[in-house]
Amino acid sequence: MSLSSFFYRILNLKNDELKLLFGSFFFMFVIFASYAILRPIRDVAGLYNDKEILKWLFLATFIVVIVFSILSMWLSGFVARKKYIDSIFIFSSACLLVFFLALWWIPKESAYRESAHFIWLMRVFYVWVSVFIMFVLSSAWSLLVDVFSKERSQRLFGIITAGVSLGGIAGSNIVLFLSKFLQLQDFILISMALLFIAIWLKSFIINSAYELLEKETQAQEKIKNKNITKNSTKINDRENLDSATALESNAQKNILDSSAESARASNTPNALESKNAPESTLAQTPALTPTAALKERFSKPAGSKNPFAGFSIIIKSRYLLAFMAFILLLSAVSTFLYMEQTRTLKLLFPESMEDYDKARTQALAGIDLIVQSASFVIQIFLTSRIVRAVGLPWMLSVVGMVVACGFVVLYFTHPLLAPLAIVMILRRVGEYAFIKPGREMLFIPLDSDSKYKVKNFFDTVVYRGGDSLSSQAEDAIAKVSVGAALLSGAFVSVVWGALGYYLGKKYDK
């Protein structure tokens with residue numbers, strides 16, 4: 003068995019998909035590695051501020067997220083799809099270059115004291131990195147959901163998500179091993195270099211999509227011509243025409259043109275495209291070959307030039323309103339568990355304890371190691387098989403139900419560490435291996451405004467807003483009773499799981 007055949011078999015690939023999969027995998031890998039290199043610098047920047055200042059930095063991050071979300075929605079209406087990612091990444095690289103130069107020009111006063119200018123530079127950097135990863139990662143997924151079909155995304159998105167996990171591990175290790183030899187600002191240049199590699203990989207993905215679509219179309223044409231020839235003596239001219247039409251329809255299944263998927267979605271109750279959709283689809287341009295239609299689509303901007311078009315789409319769609327609630331509840335569940343983790347660690351490892359910070363770090367590191375390892379294995383080998391075996395509705399709902407049971411267990415066992423660790427591991431592995439790829443699949447059938455405007459808004463403003471709101475709510479409930487907070491978390495998890503099932507059913511339609 004050749005190496006190529008081995009990959010096709012173990013990764014559940016179909017003909018000629020390996021090139022597109024590897025391009026997408028390493029695309030996400032270098033993006034998250036770029037962020038993982040910056041993350042320790044951001045965390046160091048946070049240490050220059052007390053808790054009161056950090057609260058303001060969180061607020062500043064949320065405000066900047068809103069502003070950048072509106073700007074990115076505006077940009078997607080003016081820049082061609084194939085250049086949209088370039089614009090986001092080049093702008094991010096330019097910002098990194100500014101920070102690199104600023105760190106040379108605004109040095110610390112000494113090893114023990116920082117200048118006021120340096121502290122403010124670190125505050126700006128802290129906010130920028132927090133915003134940077136949300137927009138870069140969201141833009142990257144917008145590209146992938148635009149070139150993958152529903153069927154192909156179910157098989158391959160889990161593997162592609164593993165690229166994010168592996169990129170995080172690689173980026174952290176780069177900092178760990180090179181920190182003895184490089185200055186703080188030197189890592190910014192490495193992060194920049196990875197972003198430029200990501201730009202090249204973006205072009206590689208689009209070209210691979212063109213090639214794969216062309217091969218699939220040619221294969222279907224051969225089948226069509228063969229069947230027409232075989233049956234030509236048995237059917238009349240009218241039947242020949244009907245057969246050719248039916249075969250042409252079948253030839254457009256399982257191809258990368260997600261515009262065609264959007265056109266089909268417009269016939270469902272949860273459709274998000276209006277009758278006067280701004281872009282042409284395959285159904286509207288039958289004279290174009292599928293490959294030509296895909297190329298034409300990527301040469302045009304993504305839908306409306308109105309930066310606020312995404313808001314009106316959300317308000318008019320029950321599907322997207324439910325989707326937004328799903329993300330808010332996902333954020334809330336994560337926050338409720340994070341707060342319980344903080345309480346438990348403070349109780350078990352109080353500051354009066356010797357080496358308390360080391361004990362806390364070891365506990366968190368152990369959880370993180372299990373999460374990263376388990377997530378990577380499941381993403382590579384199991385996610386696609388599970389979604390095809392049980393369906394997207396169950397994959398999006400089961401994590402919420404399991405976590406709800408976990409909250410109930412924590413209600414009876416608080417503040418024991420072992421039950422908390424198990425629930426945290428189940429929640430995080432479930433999110434990375436099932437919820438994240440499943441969430442991206444939900445965008446596949448949607449139109450361009452949804453993929454490039456609504457998705458960006460969901461991934462940034464909605465998620466960050468959910469963090470802020472749920473942290474305030476959990477804090478207020480916990481002041482009444484920790485048990486009440488845990489039971490509230492269980493209730494939120496059940497609703498979250500139910501919404502996941504609803505969205506999965508709508509996706510299947």
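Here the sequence shown is numbered in our numbering, starting from 3 and rising by one per residue.
Glycine included, each C-beta is placed from N, C-alpha and C at the ideal position.
Proximity below 7 Å, CB of residue i to CB of residue j
i	j	result
V138	S94	yes
A513	F378	Residue 513 is absent from the structure shown; the chain starts at 3 and stops at 511.
A62	V129	yes
R83	A304	yes
V463	A376	no
I317	V373	no
F31	L180	no
T346	L422	yes
W311	V410	The sequence given here has Ala at residue 311, not Trp. Their beta carbons are not under 7 Å apart, which means A311 does not touch V410 by this criterion.
L339	R429	yes
P25	I201	Correcting the residue type first, residue 25 is Gly in the shown sequence and not Pro. Taking 7 Å as the Cβ cut-off, G25 and I201 do not qualify as a contacting pair.
A324	L471	no
S473	T344	no
S193	L23	no
K508	V147	no
L197	F101	no
E476	M341	yes
I315	V456	yes
D510	S140	no
Residue i, DSSP secondary structure in three states
i	result
A82	strand
P303	strand
Q187	coil
M355	coil
K57	helix
E19	coil
S151	coil
H416	coil
A248	At A248, the pLDDT of 43 sits below 50, so the modelled position is not reliable and the matter cannot be decided from this model.
I229	Residue identity check: residue 229 is Asn in the sequence provided, not Ile. Of the three classes helix, strand and coil, the one that applies to N229 here is helix, per DSSP.
R14	According to the sequence as given, residue 14 is Asn; it is not Arg. N14 falls in the coil class under three-state DSSP.
N308	coil
D449	coil
K481	helix
S181	coil
I90	helix
G393	coil
S260	Any answer about S260 is weak, because its pLDDT of 45 lies below 50 and its placement is not dependable; what the coordinates show is given next. Correct three-state label for S260: helix.
T291	coil
S473	helix
S336	helix
L99	helix
I108	coil
L444	coil
L139	helix
K511	coil
L384	coil
Residue i burial status per 10 Å Cβ neighbour count (16 or more: buried)
i	result
M1	The chain is shown only over 3 to 511; residue 1 falls outside these bounds and no answer can be derived.
P292	buried
E99	At residue 99 the sequence reads Leu, which differs from the Glu that was named. So L99 counts as exposed.
A478	exposed
G368	exposed
F328	buried
P109	exposed
P439	buried
S490	buried
Q364	exposed
N458	buried
S399	buried
D357	exposed
E353	exposed
L527	As shown, the chain starts at 3 and ends at 511. That puts residue 527 outside it, with no answer to give.
K360	exposed
K182	exposed
L448	buried
S144	buried
K217	exposed
Contact with chain E by residue i, beta-carbon distance below 7 Å
i	result
E353	Absent from the structure: chain E. Only one protein chain is present.
| request: Count the C-beta pairs between the region 379–399 and the region 407–418 that are closer than 8 Å, then say yes if the count reaches three, no if not. | output: no
Is the region 164–174 close to the region 33–45, with three or more CB pairs under 8 Å? yes
| task | Flag this pair as touching only if the region 489–498 and the region 331–342 have three or more C-beta atom pairs under 8 Å; answer yes or no. | result | yes
message: Count Cβ pairs between the region 197–214 and the region 74–81 that sit closer than 8 Å; are there 3 or more?
response: no
Evaluate the contact criterion for the region 10–19 versus the region 152–162: three or more CB pairs, one atom per stretch, below 8 Å.
yes
Inter-stretch contact (C-beta, 8 Å, three-pair minimum) for the region 38–49 and the region 224–232
no
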